[in-house]
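Peer 1: From first to last, the protein sequence lines are chains A and B. First residue of the first sequence: 292, per this note's numbering; consecutive thereafter. First residue of the second sequence: 960, per this note's numbering; consecutive thereafter. For glycine and all other residues, C-beta sits at the position ideal for the given N, C-alpha and C. Can you keep this structure in mind? I'll have questions shortly.
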Amino acid sequence: DTAVSQTPKYLVTQMGNDKSIKCEQNLGHDTMYWYKQDSKKFLKIMFSYNNKELIINETVPNRFSPKSPDKAHLNLHINSLELGDSAVYFCASSPAGRSNQPQHFGDGTRLSIL
Amino acid sequence: SQKIEQNSEALNIQEGKTATLTCNYTNYSPAYLQWYRQDPGRGPVFLLLIRENEKEKRKERLKVTFDTTLKQSLFHITASQPADSATYLCALPPNSGNTPLVFGKGTRLSVIA
Chain A
292 DTAVSQTPKY LVTQMGNDKS IKCEQNLGHD TMYWYKQDSK KFLKIMFSYN NKELIINETV
352 PNRFSPKSPD KAHLNLHINS LELGDSAVYF CASSPAGRSN QPQHFGDGTR LSIL
Chain B
960 SQKIEQNSEA LNIQEGKTAT LTCNYTNYSP AYLQWYRQDP GRGPVFLLLI RENEKEKRKE
1020 RLKVTFDTTL KQSLFHITAS QPADSATYLC ALPPNSGNTP LVFGKGTRLS VIA
C-alpha cells in the first residue's frame, strides 16, 4: 500500500548510457517532484510538476528529462550518464503546488555510474 | 542568498535523555518551517510543521519551537529511544521563486542504549 513508489531501487550502469526511473503516487496529489541527494546528503530540487505541467526546472542539465503521462506518474529519463550523476534520486508528491504542504517521498533510487 | 544550517552533523545521546537539534537560517523570514525524519535507505518522512505565529508545536514526544527573532528552530525529542536514531532535516520555503522547499543538510541522531 505504498504511497509514493519509485523503481528501480538500485541502478548500476556504465557512463554514457541512457536510463529511466519511474515514480507513481496513489495519494491523489496534484504536484510531484524529483530531488537529488548527493554524497554530502544535500537534498536538492530538480523538477516540479503540477497536474502534468512542468513548474520548476532548477538548473538541471538538459540530459535530464522528466515526463508526466498523468498526474499520478512522474518519470525521469537521463541521457548520456556521467560520473557526477551518481546519487540517490527521490520522487515526492504533495497535495498542491504550495510549499506549506508536507511532501511525501518515495524511498529513492540509488544510481551508481561505473 | 538564503542559507539554512543544521549546525550539528551528528549528535549522540543516551537513551532516556532529551535530544535537541538546531536549525538556523539567514537572509529571510519564512512563514513556516517543516521537520522531516530520514532513515538509511529511505525517503524523508514529514514530522511537523510550525508557522511563524506559533512559538511551539508538539506531537507525542516531539516538540518544535520557532524563534523568528533568533531565526532558529529547535527540535526536541523527549525520553529518547534507540528507535529515534535517524537523520532529521529541517526545510523552509524559498525566499523567492517557485522552489517548493529548501532542505537543510540534516543532523544524524544516534540514541545509545
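#1: Using beta-carbon positions only, say whether K1018 of chain B and F1025 of chain B come within less than 8 Å of one another.
#2: From the DSSP output, read off the bridge partner residues of S403 of chain A.
#3: Please report the straight-line C-alpha distance between Q1040 of chain B and Q973 of chain B, rounded to a whole angstrom.
#4: What does a CB cutoff of less than 7 Å around I347 of chain A pick up in its chain, not counting 5 residues either side in sequence?
#5: Mark R1067 of chain B as exposed unless 16 or more other C-beta atoms lie within 10 angstroms of its C-beta, in which case mark it buried.
#6: Could you check what DSSP says for P1041 of chain B in three-state terms: helix, strand or coil?
#7: What's the C-alpha gap between G975 of chain B and R1020 of chain B?
#8: Any idea if E306 of chain A is buried or exposed, counting beta-carbon neighbours within 10 angstroms, 16 or more meaning buried?
#9: Have a look at S403 of chain A and K1016 of chain B and give me their C-alpha separation to the nearest angstrom.
#10: Is the number of C-beta pairs between the region 376-395 of chain A and the region 989-1006 of chain B that are closer than 8 Å three or more?
Peer 2: Walking through what the data contain:
#1: Here residue 1018 of chain B refers to the residue found at position 59 of the second sequence. Here residue 1025 of chain B refers to the residue found at position 66 of the second sequence. Not a contact, by the Cβ cut-off of 8 Å.
#2: Here residue 403 of chain A refers to the residue found at position 112 of the first sequence. Answer is A:V303.
#3: Locating residue 1040 of chain B in the second sequence gives position 81, counting from the first residue. Locating residue 973 of chain B in the second sequence gives position 14, counting from the first residue. Cα to Cα, Q1040 of chain B sits roughly 8 Å from Q973 of chain B.
#4: By one-based count along the first sequence, residue 347 of chain A stands at place 56. For I347 of chain A, where only same-chain residues beyond five positions count, the Cβ hits under 7 Å are I336, F338 and S339.
#5: Reading the second sequence from its first residue, position 108 is the one you call residue 1067 of chain B. Buried: at least 16 other Cβ atoms inside 10 Å.
#6: In the second sequence, residue 1041 of chain B corresponds to position 82, counting from 1. P1041 of chain B falls in the helix class under three-state DSSP.
#7: The count along the second sequence starts at 1 and reaches residue 975 of chain B at position 16. The count along the second sequence starts at 1 and reaches residue 1020 of chain B at position 61. Straight-line Cα distance between these residues: approximately 11 Å.
#8: For the purposes of this step, residue 306 of chain A is taken as residue 15 along the first sequence, with counting starting at 1. Reading the sequence as shown, one finds Met at residue 306 of chain A and not Glu. M306 of chain A should be labelled exposed.
#9: Position 112 of the first sequence, counted from the first residue, corresponds to residue 403 of chain A. Position 57 of the second sequence, counted from the first residue, corresponds to residue 1016 of chain B. The straight-line gap from Cα to Cα measures roughly 40 Å.
#10: yes
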